[in-house]
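For the sequence shown, the positions run 9 to 336 when this note's numbering is used.
Note sheet for the following structure.
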Amino acid sequence: MPAEDTVFYVLYDKFMFWSILVAIFTFGWLFTAILRYRDGVEPDTTNLDHIEVGAFPVDRHNTTLELMFYIVPTFLVVWLTVMALGSNSAVWNYDDTDEKTFDITVNAYQWYFEFVYEESLEWEDTETGVTLEWVQGTVQIDAGGNANAATVEMKFGRIKSEFEINNGSSLVQKLVTKDPGQHEYVKVFDAEGALLHTWENLPRGHKLITPSDPMIIPCDEVIIANMHSKPVDASDTRNVGVQHAFWVPEWAMKEDFVPGLEAGTTLGFMPDDAGTFPIRCAEYCGMQHSIMTGEVMVVARAGSDCTFDSGIKKSDSSSANNYDGGEM
Ligand SMILES: [Cu+2]
Numbered sequence: 009m010p011a012e013d014t015v016f017y018v019l020y021d022k023f024m025f026w027s028i029l030v031a032i033f034t035f036g037w038l039f040t041a042i043l044r045y046r047d048g049v050e051p052d053t054t055n056l057d058h059i060e061v062g063a064f065p066v067d068r069h070n071t072t073l074e075l076m077f078y079i080v081p082t083f084l085v086v087w088l089t090v091m092a093l094g095s096n097s098a099v100w101n102y103d104d105t106d107e108k109t110f111d112i113t114v115n116a117y118q119w120y121f122e123f124v125y126e127e128s129l130e131w132e133d134t135e136t137g138v139t140l141e142w143v144q145g146t147v148q149i150d151a152g153g154n155a156n157a158a159t160v161e162m163k164f165g166r167i168k169s170e171f172e173i174n175n176g177s178s179l180v181q182k183l184v185t186k187d188p189g190q191h192e193y194v195k196v197f198d199a200e201g202a203l204l205h206t207w208e209n210l211p212r213g214h215k216l217i218t219p220s221d222p223m224i225i226p227c228d229e230v231i232i233a234n235m236h237s238k239p240v241d242a243s244d245t246r247n248v249g250v251q252h253a254f255w256v257p258e259w260a261m262k263e264d265f266v267p268g269l270e271a272g273t274t275l276g277f278m279p280d281d282a283g284t285f286p287i288r289c290a291e292y293c294g295m296q297h298s299i300m301t302g303e304v305m306v307v308a309r310a311g312s313d314c315t316f317d318s319g320i321k322k323s324d325s326s327s328a329n330n331y332d333g334g335e336m
């Protein structure tokens, strides 16, 4: 979901187009007039004998042209306003009737974001050359497609384990019991310790906190992020937090955290490309506002990938991510 797909980017393009057109017309006219009526140039006075400086030329004017001076800009401004409001409704009154939704709560503190999973998310990297298969109480890790795979770290239930991938055999099989209610993962690293492949289960209620954790969300689903501003010290009831704003610059997407607003604010969006994108706090929120950053990581649910297959509007690049932005 790069910014060029978002409704705001399309809006920016349209405003830019009309601004340039109006500018060419206005400045063109201005410079023509400057050159034509500058000091030292004798004006063509053949038809100007009845023109009086400072008075509107009542007997010699063009009604149609003058009306157009009012009508055309009025239409343009009204149209741009309606279009701009339309982009808001695409984000705030998201249409999730035909789409799978994913609920997540985002809390803003001084000075970090916290992501609370309202539903579980089991995800896995794709196209890394490593595959996992779950066979009768075991996990089979096949690293045959990635020669760099060296070690595996995993956690199931409360048990963490680490082991090496044997030379000669890229297939590792381990006895595990999957528990969807637990935070569980399998991570494959290379010899230098760089992460190559992840399978992870984030259970309902799981919390991820910036800057060390990214906000992990599935692709091709309408993400409904409910946002709350929170005080660091919850025992002080007078403190209801401060204003923050969740901003993903690459998606041209922003929403405020409003202190004291019980229901919070909500942002709906649908990422369709896997990847990692920076998050910034876009509202000055105190001394360490500038370090209030994070990342959003768009992943594929385990067993699927991020190729858009729900059958809606993939070909229409202007609206691929804004399920409701088709008219823009
Ligand atoms: Cu902030």
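Glycine residues also receive a C-beta, built at the ideal position from the N, C-alpha and C atoms.
In this text the structure is predicted, and so the values were computed from the model without any measurement.
Would you kindly work out how many angstroms separate the C-alpha atoms of Thr-40 and Thr-34, rounded to a whole number? 10 Å
Say yes only if the C-beta of Ala-233 is nearer than 8 Å to one or more non-hydrogen atoms of ligand 1, and no if none qualify. no
Assuming Gly-272 and Asn-234 are in contact, meaning their beta carbons sit under 8 Å apart, how far apart are those beta carbons, in whole angstroms? 5 Å
Val-143 vs Met-162 beta-carbon contact at 9 Å: no
Looking only at DSSP bridge pairs, what is Arg-288 linked to? Trp-255, Thr-301
Below 8 Å CB to CB, which residues in the same chain sit around Phe-16 once its five sequence neighbours on both sides are set aside? Ser-95, Ala-260, Met-261
Nearest to Lys-195 (by Cα), restricted to the options Thr-139, Ile-224, Tyr-78, Lys-215: Thr-139
Just tell me which of Val-180, Gly-249, His-191, Ala-157 has its CA closest to the CA of Glu-291. Gly-249
Among Asn-70, Val-80, Val-114, which has the Cα closest to the Cα of Lys-238? Val-114
Can you look up Gly-294 in the DSSP assignment and give me helix, strand or coil? coil
Helix, strand or coil for Ser-97? Go by DSSP, reduced to three states. helix
Residues near Trp-299 in its chain [Cβ-Cβ closer than 8 Å; skip 5 each side]: A small correction: the amino acid at residue 299 is Ile; Trp does not occupy that position in the sequence shown. The residues are Trp-119, Pro-219.
Check the DSSP bridge columns for Thr-40 and list the partner residues they point to. DSSP output for Thr-40 lists no bridge partner at all.
How big is the Cα-Cα spacing for Ile-173 and Glu-303? 30 Å
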